[in-house]
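Q:
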Ligand SMILES: Nc1ncnc2c1ncn2[C@@H]1O[C@H](COP(=O)(O)OP(=O)(O)OP(=O)(O)O)[C@@H](O)[C@H]1O
Ligand SMILES: [Mg+2]
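In our numbering, the protein residues as written are 29 to 297.
1) Between the C-alpha atoms of residue 260 and residue 66, what's the straight-line distance to the nearest angstrom?
2) Can you give me the C-alpha to C-alpha distance between residue 60 and residue 243, rounded to a whole angstrom?
3) Which whole-angstrom value is the C-beta distance of residue 55 and residue 83, which I expect to be below 8 Å?
4) Please return the same chain residues whose Cβ sits closer than 7 Å to the Cβ of residue 285, not counting the five positions on each side in sequence.
5) Would you mind working out which of 102, 152 and 134 sits nearest residue 142, comparing C-alpha positions?
6) CB-CB under 7 Å to residue 48, same chain, minus the five flanking residues each way: which ones, in chain order?
7) Tell me the rounded alpha-carbon separation between residue 182 and residue 176.
8) Have a look at residue 236 and residue 116 and give me their C-alpha separation to the nearest angstrom.
9) Which residues end up in the neighbourhood of ligand 1 when you take C-beta atoms closer than 5 Å to any of its heavy atoms?
10) To test your reading of the DSSP string, which unbroken beta strand (DSSP E) runs of 3 or more residues are found completely within the stretch 183-236?
11) Cβ of residue 208 within 8 Å of Cβ of residue 155?
12) For residue 150 versus residue 189, is the C-beta spacing smaller than 8 Å?
13) Can you tell me which of the three DSSP states residue 79 falls into?
14) For residue 245, collect the residues of the same chain with a Cβ closer than 6 Å to its Cβ; drop the 5 residues on either side in sequence, then sort them by chain order.
15) How big is the Cα-Cα spacing for residue 225 and residue 199?
16) For residue 107, collect the residues of the same chain with a Cβ closer than 7 Å to its Cβ; drop the 5 residues on either side in sequence, then sort them by chain order.
17) Once DSSP output is grouped into helix, strand and coil, what is the label at residue 62?
18) Assuming residue 283 is part of the beta strand (DSSP E), what are its boundary residues?
19) Assuming residue 85 and residue 266 form a contact by the criterion Cβ under 8 Å, report the distance between their Cβ atoms to the nearest whole angstrom.
20) Taking residue 230 as the reference, which of 258, 263, 179 and 94 has the closest Cα?
21) Give the DSSP-derived three-state secondary structure of residue 261 in the structure shown.
22) When every heavy atom of ligand 2 is checked, does at least one fall within less than 7 Å of the C-beta of residue 250?
23) Spatial neighbours of residue 255 within its chain, please: C-beta separation below 8 Å, excluding the five flanking residues on both sides.
24) From residue 147 to residue 164, what does the alpha carbon distance come to, in whole angstroms?
25) For residue 184, which residues of its own chain have a beta-carbon under 8 Å away from its beta-carbon, when the five flanking residues on both sides are left out?
26) Tell me whether residue 70 counts as near ligand 2, meaning its Cβ is closer than 7 Å to at least one heavy atom of that ligand.
27) Does the separation of the CB atoms of residue 91 and residue 264 fall below 8 Å?
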């Protein structure tokens, strides 16, 4: 029995080491201020590649802010100030001379509420490609089709590509937004509570999609739902009042949380 337990511990350690051997992203002493108010405090985390990292924590603890630091979208908030480092591979994305647009191309984002652009289904996915100078119709058609296939929307929309995206259901719109985020072939996909406005069937479809996407992408997702986190997370970061209270492989954080705050949150207090 003891030998078996030791074997289990060894296996867990080995899989953890494999997960974290070369993280895709990392932050070091990352702080964010909105005016005088500090909402992230010296955050040091690692994000494993080809895995789903889930960010959890109570409302207002800084989850969305943290997510937006990972592709410099936080800079679009006028009063925001970022101190510290965010690494994408070896690149410090806040270093002088780094182009934020280029970072947002490598690190795509999907928001809580599906936000299709007021244009056709086709144009929604083609839009970021056109913005980046791709004009060739054949190339656009191929890329749009590929992205819609990846998010499993192609069969549902292939005969109505010119219809307004607003005619799609909420779940279809969110898959369209993921397709749009994938159009520029990012390496990392950030999702801020992507299923919170969706019904259980659409939620399941998105979760299945994320589990498939992680083979090719690094995924970071904010969720309020412990049950959802348990279904999809490989790695968990628990934030509380802007501080990282706990981070680790999902099984460890869910089943052997170290912090009382994490325990209480997982129990629903
Ligand atoms: N643009 C802003 N200006 C000033 N304060 C802000 C701004 N955006 C967020 N905040 C504050 O920063 C803190 C963290 O907000 P954030 O949206 O990151 O939290 P969250 O964990 O995502 O919350 P929720 O679970 O409710 O989405 C909150 O106190 C919030 O009021
Ligand atoms: Mg939020």
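No residue lacks a Cβ here, since even glycine has one placed at the ideal position from N, Cα and C.
A: Result, derived from the coordinates:
1) Against the chain shown, residue 260 aligns to sequence position 232. Against the chain shown, residue 66 aligns to sequence position 38. The straight-line gap from Cα to Cα measures roughly 30 Å.
2) Taking the chain shown and counting its residues from 1, the one referred to as residue 60 is at position 32. Taking the chain shown and counting its residues from 1, the one referred to as residue 243 is at position 215. Their Cα atoms are separated by approximately 31 Å.
3) Within the chain shown, the letter at position 27 stands for residue 55. Within the chain shown, the letter at position 55 stands for residue 83. 12 Å between Cβ atoms; not a contact.
4) Stepping through the chain shown from its first residue, residue 285 is reached at position 257. The answer, listed in chain order, is 274, 291 and 294.
5) Locating residue 142 in the chain shown gives position 114, counting from the first residue. With distances taken between Cα atoms, residue 142 lies closest to 152.
6) Here residue 48 refers to the residue found at position 20 of the chain shown. Here the set comprises 74 and 76.
7) Mapped onto the chain shown, residue 182 falls at position 154. Mapped onto the chain shown, residue 176 falls at position 148. So the alpha carbons of these two residues sit roughly 5 Å apart.
8) Numbered from 1 along the chain shown, position 208 holds the residue referred to as residue 236. Numbered from 1 along the chain shown, position 88 holds the residue referred to as residue 116. Residue 236 and residue 116: Cα-Cα distance of roughly 26 Å.
9) 62, 67, 87, 88, 89, 90, 91, 92, 93 and 105
10) 216-220
11) Looking up residue 208 in the chain shown gives position 180. Looking up residue 155 in the chain shown gives position 127. Cβ distance < 8 Å, so residue 208 and residue 155 count as in contact.
12) Taking the first residue of the chain shown as 1, we reach residue 150 at position 122. Taking the first residue of the chain shown as 1, we reach residue 189 at position 161. Yes.
13) Position 51 of the chain shown, counted from the start, is the residue given in the question as residue 79. Coil at residue 79, not helix or strand.
14) Locating residue 245 in the chain shown gives position 217, where the first residue counts as 1. If we look at residue 245 and ignore the five residues flanking it on each side, its Cβ neighbours are 217.
15) Your numbering for residue 225 matches position 197 in the chain shown. Your numbering for residue 199 matches position 171 in the chain shown. Approximately 9 Å between the Cα atoms of the pair.
16) Here residue 107 refers to the residue found at position 79 of the chain shown. The answer, listed in chain order, is 62 and 63.
17) The residue given as residue 62 occupies position 34 in the chain shown. Strand at residue 62.
18) The residue you call residue 283 lines up with position 255 of the chain shown. Residue 283 -> not in any beta strand (DSSP E); alpha helix (DSSP H) instead, spanning 278-283.
19) Mapped onto the chain shown, residue 85 falls at position 57. Mapped onto the chain shown, residue 266 falls at position 238. 6 Å between Cβ atoms; contact.
20) In the chain shown, the residue the question calls residue 230 occupies position 202. Per the Cα distances, 179.
21) Taking the chain shown and counting its residues from 1, one reaches residue 261 at position 233. Three-state result, residue 261: coil.
22) Reading the chain shown from its first residue, position 222 is the one you call residue 250. Yes, the Cβ of residue 250 comes within 7 Å of a heavy atom of ligand 2.
23) The sequence position of residue 255 within the chain shown is 227, counting from 1. So the list is empty, once near-sequence residues are dropped.
24) Translated into the one-based positions of the chain shown, residue 147 becomes position 119. Translated into the one-based positions of the chain shown, residue 164 becomes position 136. Going by the C-alpha atoms only, they are around 19 Å apart.
25) Indexing the chain shown from 1 puts residue 184 at position 156. Taken in chain order, the residues that qualify are 200.
26) In the chain shown, the residue the question calls residue 70 occupies position 42. Residue 70 Cβ: outside cutoff for every heavy atom of ligand 2.
27) In the chain shown, counting from the first residue as 1, residue 91 sits at position 63. In the chain shown, counting from the first residue as 1, residue 264 sits at position 236. Going by C-beta atoms, residue 91 is not nearer than 8 Å to residue 264.
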